Structure formats: structure tokens, C-alpha cells
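Novice:
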Amino acid sequence: MCRHLAYLGPPVTLADLVLHQPHSLLRQSFAPTDMRGGATVNADGFGIGWLVGDPGDPGDFGRPGLARRYRRDVPMWSDASLPDLAASVSSGAILAAVRSATAGMPVTESACAPFVEGAAMFSHNGVIDGWPDSVAPLAEALPAAVLMTLDAPTDSAFLWALVRAHLRQGRSAASALTGVVGDVMALAPGSRLNLLLHDGLHIAATTVGHALWIRDGEGSITVSSEPLDPDDKDWQPVPDLSLLEATATHHSIHSLENRHLDIHHLDIQYLDQGWL
Ligand code: GLN
Numbered sequence: 455m456c457r458h459l460a461y462l463g464p465p466v467t468l469a470d471l472v473l474h475q476p477h478s479l480l481r482q483s484f485a486p487t488d489m490r491g492g493a494t495v496n497a498d499g500f501g502i503g504w505l506v507g508d509p510g511d512p513g514d515f516g517r518p519g520l521a522r523r524y525r526r527d528v529p530m531w532s533d534a535s536l537p538d539l540a541a542s543v544s545s546g547a548i549l550a551a552v553r554s555a556t557a558g559m560p561v562t563e564s565a566c567a568p569f570v571e572g573a574a575m576f577s578h579n580g581v582i583d584g585w586p587d588s589v590a591p592l593a594e595a596l597p598a599a600v601l602m603t604l605d606a607p608t609d610s611a612f613l614w615a616l617v618r619a620h621l622r623q624g625r626s627a628a629s630a631l632t633g634v635v636g637d638v639m640a641l642a643p644g645s646r647l648n649l650l651l652h653d654g655l656h657i658a659a660t661t662v663g664h665a666l667w668i669r670d671g672e673g674s675i676t677v678s679s680e681p682l683d684p685d686d687k688d689w690q691p692v693p694d695l696s697l698l699e700a701t702a703t704h705h706s707i708h709s710l711e712n713r714h715l716d717i718h719h720l721d722i723q724y725l726d727q728g729w730l
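Position 14, counted from 1, in the sequence shown is what this note's numbering calls 468; the numbers after and before it change by one each time, with no gaps.
1) Under 7 Å: does the beta carbon of A665 sit that close to some heavy atom of the ligand GLN?
2) Ignore the nearest five residues each way along the sequence and tell me which others in V472's own chain have a CB closer than 7 Å to its CB.
3) Nearest CA to the CA of D470: which residue from D670, A497, V543 and L666?
4) By a C-beta neighbour count over all protein chains shown, 10 Å radius and 16 as the cutoff for buried, is E711 buried or exposed?
5) Return the CA-CA distance between S645 and L613, expressed in angstroms with no decimal places.
6) Considering Cα atoms alone, identify which of G572, R553 and G519 is closest to L621.
7) Of all the options F569, E594, S610 and E563, which has the alpha carbon lying nearest to the alpha carbon of W731?
8) Could one say the Cβ of A540 lies closer than 8 Å to chain E's Cβ atoms, at least one of them?
9) Just how far apart, CA to CA, sit L462 and K687?
10) Sorry if obvious, but does the Cβ on R481 come closer than 7 Å to a heavy atom of the ligand GLN?
11) Have a look at E594 and V581 and give me their C-alpha separation to the nearest angstrom.
12) What would DSSP say about Q690, mapped onto helix, strand or coil?
13) Please state if the CB of L651 and the CB of L421 are separated by a distance shorter than 8 Å.
14) Less than 8 Å between the CB atoms is what I'm expecting for G519 and A547, so what's the real figure, rounded?
15) May I ask you to check if the CB of V581 is nearer than 7 Å to at least one heavy atom of the ligand GLN?
16) Considering T467, what are the terminal residues of the beta strand (DSSP E) in which it resides?
17) What three-state label does DSSP hand H620 in the structure shown?
18) Per DSSP, G501 forms a beta bridge with which residues?
19) For A497, I'd like the list of residues in its chain whose CB is within less than 6 Å of its CB, leaving aside the five on either flank, ordered along the chain.
20) Suppose the cutoff is 6 Å on Cβ atoms and the five residues either side in sequence are ignored; what does the same chain contact list for T676 look like?
21) Would you tell me roughly how many angstroms separate the C-alpha atoms of A427 and L596, rounded to the nearest one?
22) Could you check if T556 belongs to the surroundings of the ligand GLN, using beta carbon to heavy atom distance under 7 Å?
23) Given the structure, does T487 come close to the ligand GLN, in the sense that its CB is under 7 Å from one of the ligand's heavy atoms?
Here's what the structure looks like:
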């Protein structure tokens with residue numbers, strides 16, 4: 455299944471983070487080492503999102519900057535222009551993903567993470583079991599216009615619409631992810647839901663069925679499906695069924711296993727608050 459990563463810290467080039475590490479996301483696109491759930495390569499497109507803008511200038515959700523992105527529906531290794539672009543862009547907040555499309559889902563640029571709004575960038579590694587029928591009741595909580603304008607007809611784009619609705623209600627990144635995981639697991643318990651959300655100031659991630667690792671680099675945080683350098687002992691695995699919350703200087707991991715998932719059902723009232 456897909457591989458994804460997020461970074462928060464002093465500015466780095468996209469190339470240094472995504473292309474030049476020993477086990478970079480580029481390498482994970484053709485030689486991943488810990489795929490679960492059947493796929494072998496991540497060749498169905500990729501995306502890189504990064505925050506730009508004045509950190510003092512609040513974007514949507516009151517967070518700094520604005521997410522920009524570059525996505526393609528081709529394997530990362532086949533994009534001959536990516537190295538020059540990636541060497542030219544620096545940011546202190548980056549989220550990138552390579553995609554292995556779930557069988558039956560379209561291979562198209564708009565299905566590639568990151569999905570973005572304001573400063574928020576989102577990615578999903580996994581699958582909603584029984585898609586789409588199993589989670590149809592959740593769709594009823596979303597306005598028709600949101601469903602008619604999903605980024606793509608995929609489970610990941612639907613998850614993003616749910617996460618975005620929680621963010622629009624003012625919830626934190628971590629609360630948005632646990633709310634969506636709780637709602638989806640209640641209806642489709644066989645799902646794999648490694649969600650990754652960057653809001654410019656925080657990284658939040660869940661592990662439900664797939665690998666995730668974190669490197670706390672004293673002033674920077676990197677979260678990745680697989681360690682970017684297998685010889686770097688600072689990479690730590692995140693246990694399955696966890697919620698990870700991180701700023702640039704601190705991170706914490708909470709078990710989702712024995713805790714009642716914080717289910718925040720979507721509040722239809724946000725329709726009246728001028729979001730659409
Ligand atoms: N189901 C999602 C998609 O098809 C994510 C797939 C994955 O994690 N490989 O885009």
C-alpha cells in the first residue's frame with residue numbers, strides 16, 4: 455500500500471527530504487520493505503505538499519502559511535523534472551506520498567495525496583473495508599456539494615472530506631483523525647487507516663494496519679511509513695493502533711487499543727456557519 459511522510463522543522467529542500475535519503479520516498483516507490491496488504495510497488499502516482507508564506511500570516515483554520523503541492527499520476531521515478539523542482543523548493547512543513555492504487559480505484563492525479571486546504575495537508579495509507587457501501591451512512595453527514603466535489607472517487611478522498619469537516623468545526627488535527635478513525639472502524643472494522651495530517655504547526659498520524667516510524671531530531675520531526683535511513687538508530691517504530699501527535703520539538707504516542715475511540719460525529723450545524 456502507499457507510503458507517506460511528513461516533516462516539521464527548519465526549512466529543508468524537497469529533494470533532501472524526499473529524494474536523497476538512503477531509503478527515500480523515491481526508493482520506497484519501487485523498493486519498499488514493509489508493505490502489508492498485498493501491493494508490491496507504489497507506482498500509481500505521487501504528490502508532495504509544502505507550506506509557503508509568512509508564518510505570521512494565519513491561513514485557514516488560523517494556522518500559518520498556505521499548502522502548495524505538486525502531484526503526478528506517474529511513478530515518482532519516471533518524472534524527469536522532479537529532481538530540479540525538488541532541489542529548488544524549501545519548506546519547514548512538508549507532506550509527501552507515493553501511491554499504490556487499491557484495486558478498482560482510479561489512477562489519476564487527483565487521487566494522489568496530499569489533499570490540501572489552507573495550511574492542512576492529508577494522506578491515507580490503507581483501505582476502507584467494504585468501500586463504498588460500508589461507510590455510506592457517514593456520507594449522509596456530509597453536504598451533497600461536498601460529495602459532488604470530492605477530489606476523486608476513492609476511499610482516501612472520502613476520508614479527507616471527513617477529516618476536513620472536523621477541522622472546519624475547529625477540532626485539532628489529532629481530534630479530527632481519531633474522530634474519523636472511530637467513525638469508520640465502527641462501520642468497517644477490517645479497514646486499514648494509517649492517516650497522516652500536517653497543519654503547519656502539528657503533525658498527527660494514526661496507525662491502523664500499516665507501518666509508521668518517527669525520528670525526533672531535536673528541533674525537527676520526521677514521520678515516515680519506513681525509516682529514511684535504516685542505519686540511523688534515531689528512527690523509532692510507532693506501534694499499531696496508535697495516535698501520534700507532534701510539534702517540531704515534542705511528540706507523544708497514545709494507544710488507541712484500550713481506549714474508547716473519541717468519536718465526534720459530524721455536526722451538521724456547520725452547514726449554517728458559512729463554510730460552503
Ligand atoms: N485506498 C487508497 C487509494 O487507492 C490508498 C491506497 C494505499 O494505501 N495504497 O488511493
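Note that CB positions come from ideal geometry on N, CA and C, so glycine has one too. As the structure is a prediction and not an experimental result, all values here were calculated from the model.
Specialist: According to the structure shown:
1) As a first step, residue 665 is located in the sequence shown; it is residue number 211 there, counting from the start. Here the distance from the Cβ of A665 to the nearest heavy atom of the ligand GLN is not below 7 Å.
2) Within the sequence shown, the letter at position 18 stands for residue 472. The answer, listed in chain order, is S478, L479, L480, I502, A540 and A550.
3) Against the sequence shown, residue 470 aligns to sequence position 16. The candidate whose alpha carbon is nearest that of D470 is V543.
4) Position 257 of the sequence shown, counted from the first residue, corresponds to residue 711. So E711 ends up on the exposed side.
5) Position 191 of the sequence shown, counted from the first residue, corresponds to residue 645. Position 159 of the sequence shown, counted from the first residue, corresponds to residue 613. Those two C-alpha atoms are separated by around 12 Å.
6) Numbered from its first residue, the sequence shown carries residue 621 at position 167. When each option's Cα is compared against that of L621, the closest is G572.
7) Nothing can be reported for residue 731, as the shown portion of the chain is limited to 455 through 730.
8) In the structure shown, chain E cannot be found, because there is only a single protein chain.
9) Residue numbering aside, residue 462 sits at position 8 when the sequence shown is read from its first letter. Residue numbering aside, residue 687 sits at position 233 when the sequence shown is read from its first letter. Answer to the nearest angstrom: the Cα atoms are 19 Å apart.
10) For the purposes of this step, residue 481 is taken as the residue at position 27 of the sequence shown. Answer for R481: no, Cβ out of range of the ligand GLN.
11) Here residue 594 is taken as the residue at index 140 of the sequence shown, counted from 1. Here residue 581 is taken as the residue at index 127 of the sequence shown, counted from 1. Each residue's Cα considered, the two are about 20 Å apart.
12) Sequence index remark: in the sequence shown, residue 690 carries index 236 (1-based). Looking at Q690 - three-state DSSP - the assignment turns out to be strand.
13) Residue 421 is absent from the structure shown; the chain starts at 455 and stops at 730.
14) Sequence index remark: in the sequence shown, residue 519 carries index 65 (1-based). Sequence index remark: in the sequence shown, residue 547 carries index 93 (1-based). With a contact defined as Cβ atoms closer than 8 Å, G519 and A547 qualify at about 7 Å.
15) Locating residue 581 in the sequence shown gives position 127, counting from the first residue. V581 Cβ: within cutoff of the ligand GLN.
16) On the sequence shown, position 13 is the one that residue 467 refers to. Its beta strand (DSSP E) spans residues R457 to T467.
17) As a position in the sequence shown, residue 620 is number 166, starting the count at 1. Of the three classes helix, strand and coil, the one that applies to H620 here is helix, per DSSP.
18) The count along the sequence shown starts at 1 and reaches residue 501 at position 47. Looking at the DSSP assignment, G501 forms a beta bridge with R525 and A551.
19) In the sequence shown, counting from the first residue as 1, residue 497 sits at position 43. Only P529 meet the Cβ criterion.
20) Within the sequence shown, numbered from 1, the residue matching residue 676 stands at position 222. Y461 and R669, listed in sequence order.
21) In this structure the chain extends from 455 to 730, so residue 427 is not present and cannot be described.
22) The count along the sequence shown starts at 1 and reaches residue 556 at position 102. Yes, the ligand GLN has a heavy atom inside 7 Å of this Cβ.
23) Numbered from 1 along the sequence shown, position 33 holds the residue referred to as residue 487. The beta carbon of T487 sits no closer than 7 Å to any heavy atom of the ligand GLN.
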